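For reference, the structure discussed in these notes is given below.
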Amino acid sequence: MGACYDGAGRPQRCLPVFENAAFGRLAEASHTCGSPPEDFCPHVGAQGAGTQCQRCDAANPRLHHNASYLTDFHSQDDSTWWQSPSMAFGVQYPTSVNITLRLGKAYEITYVRLKFHTSRPESFAIYKRSHAGGPWEPYQFYSASCQKTYGRPEGQYLRPGQDERVAFCTSEFSDISPLSGGNVAFSTLEGRPSAYNFEESPILQEWVTSTELLISLDRLNTFGDDIFKDPKVLQSYYYAVSDFSVGGRCKCNGHASECGPNEEGRLACRCQHNTTGADCQRCLPFFQDRPWARGTAEAANECLPCNCSGHSEECTFDRELFRSSGHGGRCLHCRDHTAGPHCERCQENFYRWNPWAPCQPCDCHPAGSLRLQCDDSGTCVCKPTVTGWKCDRCLSGFHSLSEGGCRPCTCNPAGSLGTCDPHSGRCPCKQNVEGNLCDRCRPGTFNLQPHNPAGCSSCFCYGHSKVCAAAAQFRAHYILSNFRQEKFLGDQRFSYGQLLTLTFRAPPGGSPPPVQLRLEGAGLALTLQPSSSSGPQDAGQVGEVQLGFQLQETSEDAGPPLPPFHFQRLLANLTALRIGASGQSPSPSGQLFLTEVRLTSAQRGTSPPAPWVETCSCPRGYTGQFCESCAPGYKRETPRGGPYASCVPCTCNQHGTCDPNTGICLCGHHTEGPSCERCLPGFYGNPFTGHADDCQPCPCPGQSACTTLPENGEVVCTHCPPGQRVVLLSIFKVARL
Numbered sequence: 001m002g003a004c005y006d007g008a009g010r011p012q013r014c015l016p017v018f019e020n021a022a023f024g025r026l027a028e029a030s031h032t033c034g035s036p037p038e039d040f041c042p043h044v045g046a047q048g049a050g051t052q053c054q055r056c057d058a059a060n061p062r063l064h065h066n067a068s069y070l071t072d073f074h075s076q077d078d079s080t081w082w083q084s085p086s087m088a089f090g091v092q093y094p095t096s097v098n099i100t101l102r103l104g105k106a107y108e109i110t111y112v113r114l115k116f117h118t119s120r121p122e123s124f125a126i127y128k129r130s131h132a133g134g135p136w137e138p139y140q141f142y143s144a145s146c147q148k149t150y151g152r153p154e155g156q157y158l159r160p161g162q163d164e165r166v167a168f169c170t171s172e173f174s175d176i177s178p179l180s181g182g183n184v185a186f187s188t189l190e191g192r193p194s195a196y197n198f199e200e201s202p203i204l205q206e207w208v209t210s211t212e213l214l215i216s217l218d219r220l221n222t223f224g225d226d227i228f229k230d231p232k233v234l235q236s237y238y239y240a241v242s243d244f245s246v247g248g249r250c251k252c253n254g255h256a257s258e259c260g261p262n263e264e265g266r267l268a269c270r271c272q273h274n275t276t277g278a279d280c281q282r283c284l285p286f287f288q289d290r291p292w293a294r295g296t297a298e299a300a301n302e303c304l305p306c307n308c309s310g311h312s313e314e315c316t317f318d319r320e321l322f323r324s325s326g327h328g329g330r331c332l333h334c335r336d337h338t339a340g341p342h343c344e345r346c347q348e349n350f351y352r353w354n355p356w357a358p359c360q361p362c363d364c365h366p367a368g369s370l371r372l373q374c375d376d377s378g379t380c381v382c383k384p385t386v387t388g389w390k391c392d393r394c395l396s397g398f399h400s401l402s403e404g405g406c407r408p409c410t411c412n413p414a415g416s417l418g419t420c421d422p423h424s425g426r427c428p429c430k431q432n433v434e435g436n437l438c439d440r441c442r443p444g445t446f447n448l449q450p451h452n453p454a455g456c457s458s459c460f461c462y463g464h465s466k467v468c469a470a471a472a473q474f475r476a477h478y479i480l481s482n483f484r485q486e487k488f489l490g491d492q493r494f495s496y497g498q499l500l501t502l503t504f505r506a507p508p509g510g511s512p513p514p515v516q517l518r519l520e521g522a523g524l525a526l527t528l529q530p531s532s533s534s535g536p537q538d539a540g541q542v543g544e545v546q547l548g549f550q551l552q553e554t555s556e557d558a559g560p561p562l563p564p565f566h567f568q569r570l571l572a573n574l575t576a577l578r579i580g581a582s583g584q585s586p587s588p589s590g591q592l593f594l595t596e597v598r599l600t601s602a603q604r605g606t607s608p609p610a611p612w613v614e615t616c617s618c619p620r621g622y623t624g625q626f627c628e629s630c631a632p633g634y635k636r637e638t639p640r641g642g643p644y645a646s647c648v649p650c651t652c653n654q655h656g657t658c659d660p661n662t663g664i665c666l667c668g669h670h671t672e673g674p675s676c677e678r679c680l681p682g683f684y685g686n687p688f689t690g691h692a693d694d695c696q697p698c699p700c701p702g703q704s705a706c707t708t709l710p711e712n713g714e715v716v717c718t719h720c721p722p723g724q725r726v727v728l729l730s731i732f733k734v735a736r737l
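Numbering of the sequence shown is given in the UniProt record's numbering, commencing with residue 1 and proceeding in unit increments.
Right under this line is the structure:
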């Protein structure tokens, strides 16, 4: 797996090979001899000085000394060198000659070595750039006059704690001898107290880092004879370097063992340990779980992947998160509705059943929820009057969900079958009740009561009216048996909808069998089952048992079913009450004792009120509280038909009223007959026209009878005195014949 991993695949520090970083790289010199061609005269002792003076010509491959000779390979026997113009061309302090070497990327420099073909300079300096485009930083100064030339004291010593990024100045290599082949070697860590703990010193790690080196040749060494300006002497002083070498490693921060051209052709580390960058100086985008660090001998410090729970491939390092949790990878652009530093939770207003389930929207109803965030089961927190998994419906007894929650149902409990519709607020009404709140009796009914299964009682009114109301002049009255059966028979309409209570006594060990009540009357019959019961719970106790029967057609198990009108008609002429028991005997002796019968009814009075008694609004032709009588001018359609018979107008031709029961007219206006259809004797006329003067007195002697001849309308006396014949003419003249 390469040098960056051990045999078990575990990451370890790895380093590129140590090399001469300058070899083969083209250095640049600010001044080079040969342009124009010039002569130079090496001092005796300089290698290659066969004659006293030689020629430098940049255009001649055999005579040039350009900068490529600084970093080429050569043997000691066939030395090549770079050479500057001589002092004859003005090369001397303060004019500097600069040599620049670009390494192509950051290197960690161990040493810089210069081998001079002539004598070493009296003063020169080494500068470096720590990163491309950065400022030139002093690296080392060499001078016999450190203070004068560079303004620095001579010395190469630092105390612990001092800034170790300080360039030293030394005169050690500033002698004019040797005249050729002198070396200058600069060790980057020499004299630095932290050199023995280099891996723990970011300051020294930055100190040895360089992307470019600059050699500034500032002052030539001379024998002092240059002051005479002899051309031959001046031509003997110049800078010449035969070898420029830089020992170091491609800087990869312990995360690569190789450097090479990248896709853009630039030198870069071939990073391992999930790192990237030209120097492996940062973690790969998804490996940000801890801070980037250099690899050391003790720890590879490989970059660790972010934990995004499978919901993101992007993250960034968050130092505060790392300090608080030990994991600094903050995930970006979490998918699948997740959120959090590690996409470990659902987004706001989403939930999931467990950490592996997909996040689902809470969908809390915005009007019914206290907040839009639900719990891990997806259950929303509802407002006080709202319910449902998503708080999307009203609690029982409330309706019309809105921003304020739900409004309470205001159903009339007497008229409703239950709570209201949770959406519309409309109440479910009993059979005879209407209105959004079930607070009104339907037409044809009255007396809204909670114990009435239909809500309101049907108007009876003997079948003549559908408009009635509770009568105000009646009060509750209770009929007790005293074993007088006749008290419970006859007209019991005032008990309609009320309770008939039977009280039994059973010996110990007995219990009442199923009891039925049969009502008979008006040719009708009905069997009722108990609607309520009370008594001892323990069959071994001696006590009374009360059974209540509601006298209403809507009672449970009433059979055969009767319409309301017929049920009340039965009560209006109740002829029999039959109490029947069946099944197992209630006591060991088989005896059951009826001790009391109690019937709720009404009678005239004011307190306590009996609102179940009706008063009817009668149509034309009827009168009475219950429309039980015909109004004046009306009679029973069926003579003597009773209160159930219809009332029709009297047929008395407007000459009188009739008896409401028989229909016989009581005639006036000198009329007679069942319908006042004839004039009385002694009167004549047409009584069917309906006027008071329809019948006129006969114009006959002694007001005797007369008649009208139909053919001519003449009035003829029909009972004249003996010997007289009278004719009443139309002009009312009497003639004797």
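Glycine included, C-beta positions come from ideal geometry on N, C-alpha and C.
Quick caveat: nothing in here was measured; it's all calculated off a predicted structure.
May I ask you to report which of helix, strand or coil DSSP gives residue i?
i           : result
Ser68       : helix
Gln140      : strand
Asp363      : coil
Ala167      : coil
Ser194      : helix
Asp226      : helix
Ala506      : strand
residue 739 : For residue 739 there is no data in the structure shown, the boundaries of the chain being 1 and 737.
Val17       : coil
Lys105      : strand
Ile203      : helix
Within 10 angstroms of the Cβ of residue i, are there 16 or more other Cβ atoms? Answer buried if so, exposed if not.
i      : result
Glu302 : buried
Asp218 : buried
Ser123 : buried
Lys105 : buried
Trp353 : exposed
Ala357 : exposed
Tyr238 : buried
Asp279 : buried
Phe18  : exposed
His451 : exposed
Pick out whichever of the options has its Cα sitting closest to the Cα of residue i.
i           : options                        : result
Cys706      : Pro422, Cys679, Gln347, Leu571 : Cys679
Asp39       : Glu520, Phe89, Arg294, Leu114  : Phe89
Glu298      : Gly388, Glu200, Ala278, Arg290 : Glu200
Leu574      : Ala692, Gly523, Gln552, Gln529 : Gly523
Leu26       : Ala572, Thr71, Ala185          : Thr71
Cys252      : Gln140, Gly326, Ile109         : Ile109
Pro611      : Thr276, Gln473, Pro261         : Gln473
residue 738 : Trp81, Asn60, Phe73            : In the structure as shown, the chain starts at 1 and stops at 737, and residue 738 therefore has no counterpart that could be examined.
Arg620      : Val613, Thr595, Cys647         : Cys647
Gly310      : Arg335, Phe317, Pro428, Cys362 : Arg335
Gly521      : Leu500, Leu448, Ser534, His566 : His566
Ala470      : Pro135, Val613, Pro721         : Val613
Asn20       : Cys250, Ala167, Ser216, Leu526 : Cys250
Asp243      : Phe73, Gly543, Ala414, Thr595  : Phe73
Thr170      : Gln162, Arg159, Ser187         : Ser187
Glu314      : His399, Pro366, His333         : His333
Pro42       : Gln83, Gln288, Gln568          : Gln83
Ser216      : Pro193, Trp207, Ala240, Thr209 : Ala240
Cys461      : Gly425, Gly624, Cys364         : Gly624
Cys695      : Val597, Ala132, His669         : His669
Ser617      : Gly368, Thr671, His464         : His464
Can you tell me the Cβ-Cβ gap for residue i and residue j, rounded? I've got them flagged as a contact below 8 Å.
i      : j      : result
Leu101 : Val246 : 7 Å
Leu370 : Asn349 : The pair is not a contact, with the Cβ atoms about 13 Å apart (cut-off 8 Å).
Gly34  : Ala3   : About 46 Å; that fails the 8 Å criterion.
Asn653 : Cys630 : Not confirmed; about 18 Å, so no contact.
Ala581 : Pro513 : 5 Å
Arg493 : Ala572 : 5 Å
Pro564 : Ser402 : Contact flag wrong, Cβ pair sits at about 41 Å.
Glu300 : Pro11  : At residue 300 the sequence reads Ala, which differs from the Glu that was named. Correct: roughly 4 Å between the Cβ atoms.
Exercise. Unbroken alpha helix (DSSP H) runs of length 4 or more, entirely within the UniProt domain "Laminin EGF-like" (650-697): which are they?
Worked result: none
Problem set entry | Segments assigned beta strand (DSSP E), at least 3 residues, entirely inside the stretch 233-300 | Runs found: 240-250, 259-261, 267-269.
Exercise. What are the complete beta strand (DSSP E) segments, minimum 3 residues, inside the stretch 583-636?
Worked result: 593-604, 614-616, 634-636
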